[in-house]
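Numbering (the numbering used here), first residue to last: 44 to 1046.
One structure is given here, and the rest of the page talks about it.
Okay, here's the thing in C-alpha cells:
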C-alpha cells in the first residue's frame, strides 16, 4: 500500500515544472496534478510530504527512517526540521545530518521516528520548525516509555533501553547477552551466540578476550541508535577463523532489534571453509510452541521467481522437545536448476551432538521431516508463557541453504545451514558439482576447465539481515505476521519525488515519474526494466553465492546466458535514481540486493595475499573474468581493470542517504581508505586504466561525502591528467585507448566531477566534448550500447540553451518512445538514466502544455536530428533548400567522405540555383569552412574522412530554390539550418533518404 500526505492543497504541483526550485515550491498555477499513489502531492516553501510504501498493512508504531534531501544553501541546522502527522501534531523524531553541500548547508538528513506505516506524514523546515519539538518518545501514539537511552558503563557493559525493551552487551561478546521486555527475560546468556563451524568440525565464536570485540556507537539520540560491533571468530584454543562486523539498530518505543551481520573470510578458503554458521539468540528456557511460515503447497513458477518474496500460504505449528525444530530452505531455483525444496523438521542440531555443544562431528545431521514444501517463508515465531519472539530473515529461501530453528536454548538462525549436508566451499570444483550444476556444461570454457579454475574467496564477505521482534504473549497471529512482513519487506519512507528531484541532492537532474505528461515514455521505461529483470530471471542468480548478481548477459551461448564478473555498466547507480523518482519497491529491492552482493564480493575486506583491503577485486587474466562467475577474483586494485565494470560507490551512499543503512555507508569508507593507502603507488598504473574517468567519478564522490580534502586533492590531480582544453573534445588523448574511446562515459564522469567540485575546467571540457559529438554526428542512438546521449544533451541544453541540443534530445526521446527492442544490460544507460533527465528538460520552465507541445514537435520534421540525411548516391544526389529574400541561409553539415578518397582531401562542392531542366550555372558566393575529425593516435578509433562543414549563402543572393551537392561524400547530414525549407532530390531510380518524419516538398 502506498500513500502520500492527505493534508495538501488541491491545486498542488505534482510534476516538476520550473527548473528553479523556488518556482517548484510555489506550486505554479500551470501545473497539472500528477497522481502519485492515488493522492495529490505537493511542494511548497518550508515543507514536503513523505511517501510511504507499505505492503504489510501494519497499523501500529514501527521504526521508520526517512532520507530528507534539501537544495544547496537552503538549511544549515537540523534542529529546524520536524515531522508532523496528518493531524498537525509534531512527532518525536531524531534528525541526523548525513551529507552537506560545499557551502556547509544540509544536503541529506536522516529522520528516525516510530510511527504507524499507515499514517500520513510531512516534513517542515525553517527557523519556525525548531519550536515545539517533543523531547519524549512516549508522546508517540501507542508507544511506551521515554526517549531511547544508552549507557556505557566503566566495566565496558553497554546498556540500551528503547522504552519498550532493554538490551545488554558485554564487552567481550558480540551479541546482546540479555534482553528484557515488560518484565519478561527474552534473551539470556546469548552474547557468545555468533558461531562458525569449519570444515574440520571445529567451532569458533565471537567471544572471549581473543575475539577482540570492539564497539562504536554510530547513531545516538532520543529516537534511534545504531551500534557497530566487530570481532574475530576464535576456537577454544584461540585460533582465528574469520572476522565479523555486526550493526545493531534500535528505535525508541519499539522492542525490535535489527542485526546486520557480515562474515569476512580471512583465511585461505582452499584449506579452511565452513559447514555451518549463524547466530544463536538464547532464552532462559525452551519455548512452548513454534510457528513456521511456509509457502503454499503448490506455488506457481511465478511465485518462485528470484525477484519475488515468498508469500506465506500456510503456517505450521509444532512443539519443541530435546531436539531443535527448524525451518530449512535446502534448494531454490538457481541458474538452470528449477528444484525448490523446503521443510520443517525435528532433530539434533549437529550429527550425534546435543544442541549447544562445541564439538561437532562430520556428516549430515539426522532429522525427521515434519512438513515438506517448495519454499519456506522469511519468519518463525516462538511462544513462552510471558512473551513471544519472532525471528525474521529477509529473502531466506532465495539465499539458500538457510534455516531458522528453535530448541531448548532458544532461537538460532543459520546463514549457511549445515543441515543441508553441503559445505560453504568456494573451490570451483565444488561449485560446479553443488551449485552451478547443469549450467557448468554450457559455460564458455566447459565444465572440466571451469572445475579446475583456481578460486580463493579470502578477503571477501557475506552479509545478512536478521530481525528479532519480541512481543506480548497475548498478541494474535495476524499481528505477528504483519510485523514479520514489515521486517522482511520494510515500509519505505521517501521524500515526495517532486521535492526530491527538484533539490538535486541525488547528484544528477531527473524528472519525477510523470504519467500525466509522459505516459508513453514512462510506459517504455517501466517495460524496459521489466524486460531486463525477466532476462535476469531466465538464469536465476539465487543462493548464497550469486544472490544479488546483476543481469549481465553475454551472447556466446545466449540461450543459457554467459555469467561472469560483476558487470552492470552503471545500473548500480541508475536504479537508485529510478527509485528516487518513483518510490517503486521493485527498484529498491534490486538496488539493496545488488549493494550487498557487490559490497561483499567486489570489495576486499582484509589485506590478504595479492588483495588489499578496500580494493576492487579483479582477475589477472581478463578473459577469465568474463568467463567465470568467481566474483571474489584473485587480486585487487583501486580501479577494476580486468574485474568489475561500472566502478562506483554512489550506489552505497544513496542507499545510506535514502534508508540509513550503515553497512552501505561503511563500504564507501572501506574503499576510500584504500585510496588513501594506495593512491601514490597506483598512480603509476593510470596510463593502463581504461576506466580512468570512473576513478575520477569515485574520487569526486568520496570528496563530497565528507569534504575530505585528501580526496579533493586526488580528484584534482587526476582531472589535471584527463582534461585537455587544447584537445578538440576536451579530453587528453594520452589516456588509454585515446580520447575518443567510450567518450560518452568519460563525459558523464566529467559532469559528476564538476557537480561535486565546481571545477570550471570540467564544465568546459564537458561542453566541448558534447559539441564535438554533435558536430561530427557521433551522437549514439537511444538504445545503442553504453549510450549516455540523452543525459549528455539534456545537461548541455540546460547549461547552454542551445536549441540544436534540444532537437537532439527530442529525437532521442522520440526514439525511446518508439522502442520495441530487447532490453539488455548494455543498453540500459539511456532508458534508466538519460530518459528521466531528458523528460525534465522537456517539462521545465513553461508548464505542461509546453511539454506536450515539445513532444509533438519532436515527432515532426522541424525538430529531428539531423535535419536531413542523404547517403548512397554521392555522385548525383542533391540537397535542395529555399532561400528567402534579403536573408542569408546558414547550414552546419556533417560529411563522411567515400573510402577511396585520400585522407585530408579538400571538400568539393557544387552549388547553384535550382533548375528543373538542369544546366544552371554555379554560384561562387557560398562561404564554406571545413574541419576534419580529430586524428587520435589510436588508428582504430579515428575517422579522418569525417568533416564538419559550416556554410553561408549571403543575403544578397536572390530568393528561390538552390541545390547543393558534395561530390565524394558518402553521406551528408544537415545538422542545423535556418533555411525555411529543405529536402533531398535524386534522379529517378534512387531512393530519397532521410528521417521517416521528414516531409519532402515537391520541386
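The beta-carbon is built from N, C-alpha and C at its ideal position, and this holds for glycine as well.
Taking C-beta atoms as the reference points, residue 514 and residue 433 count as a pair closer than 8 Å. Partner residues in the beta bridge of residue 412, as assigned by DSSP, are 388. Apart from the 5 residues on each side of it in sequence, residue 997 sits with its Cβ closer than 8 Å to the Cβ of 931, 968 and 970 in its chain, given in chain order.
For residue 209, the enclosing beta strand (DSSP E) has its first and last residue at 209–212. Under the three-state reduction of DSSP output, residue 750 falls in the coil class, being neither helix nor strand. In the DSSP annotation of this structure, residue 994 is not part of any alpha helix (DSSP H); the continuous beta strand (DSSP E) holding it starts and ends at 989–996. A distance below 8 Å between beta-carbons, with the five flanking residues on each side excluded, links residue 624 to the following residues of its chain, in chain order: 540, 543, 544, 553, 554, 555, 556 and 879.
Taking C-beta atoms as the reference points, residue 107 and residue 158 count as a pair closer than 8 Å. A distance below 8 Å between beta-carbons, with the five flanking residues on each side excluded, links residue 798 to the following residues of its chain, in chain order: 550, 551 and 743. Note on the segment 781–842: whole alpha helix (DSSP H) runs with a minimum of 4 residues are 786–800 and 803–818, in chain order.
Here DSSP, grouped into helix, strand and coil, assigns residue 204 to strand. Distance check between residue 154 and each of 207, 170, 134 and 161 places 134 closest, using alpha-carbon atoms only. Between residue 130 and residue 312, the CB-CB gap reaches or exceeds 8 Å. The beta carbons of residue 419 and residue 389 sit no closer together than 8 Å. DSSP places residue 360 inside the beta strand (DSSP E), whose first and last residues are 357–361.
Between the segment 462–476 and the segment 257–274 there are fewer than three inter-stretch CB-CB distances shorter than 8 Å, so the stretches are not counted as touching. Contact between the segment 785–802 and the segment 847–858 is absent: fewer than three C-beta pairs spanning the two stretches fall below 8 Å. Residue 114 sits buried, since 16 or more C-beta atoms from the chains shown fall within 10 Å of its C-beta. Taken through DSSP and simplified to helix, strand or coil, residue 252 comes out as helix.
The closest CA to that of residue 642, considering only 674, 629, 845 and 630, is found on 674. Straight through space, the alpha carbons of residue 646 and residue 660 are spaced by roughly 6 Å.
If you look at residue 579, you'll find it in the alpha helix (DSSP H) that goes 562–581.
For residue 818, the number of other beta carbons within 10 angstroms of its own is at least 16, and it is reported as buried.
Here residue 723 carries a helix assignment [DSSP, helix/strand/coil]. Residue state for residue 610 is assigned as coil, using DSSP reduced to three classes. In the displayed model, residue 688 falls within coil according to three-state DSSP, outside both helix and strand.
In this model, residue 206 and residue 298 are separated by some 8 Å (Cα to Cα).
Contact between the segment 581–596 and the segment 363–380 is present: 3 or more CB-CB pairs across the two stretches fall below 8 Å. Between the alpha carbons of residue 211 and residue 198 lies a gap of roughly 12 Å. Using a Cβ distance threshold of 8 Å, residue 842 and residue 548 do not count as a contacting pair. Here the C-alpha atom of residue 990 lies approximately 6 Å from the C-alpha atom of residue 939. If you look at residue 272, you'll find it in the beta strand (DSSP E) that goes 267–277. Note that the segment 970–986 does not touch the segment 1002–1018; fewer than 3 beta-carbon pairs, one per stretch, sit closer than 8 Å.
Taking a 10 Å sphere around the C-beta of residue 663, we find fewer than 16 other C-beta atoms and assign the residue as exposed. DSSP links residue 1019 through a beta bridge to 935.
Secondary structure at residue 528: helix, using DSSP grouped into helix, strand and coil.
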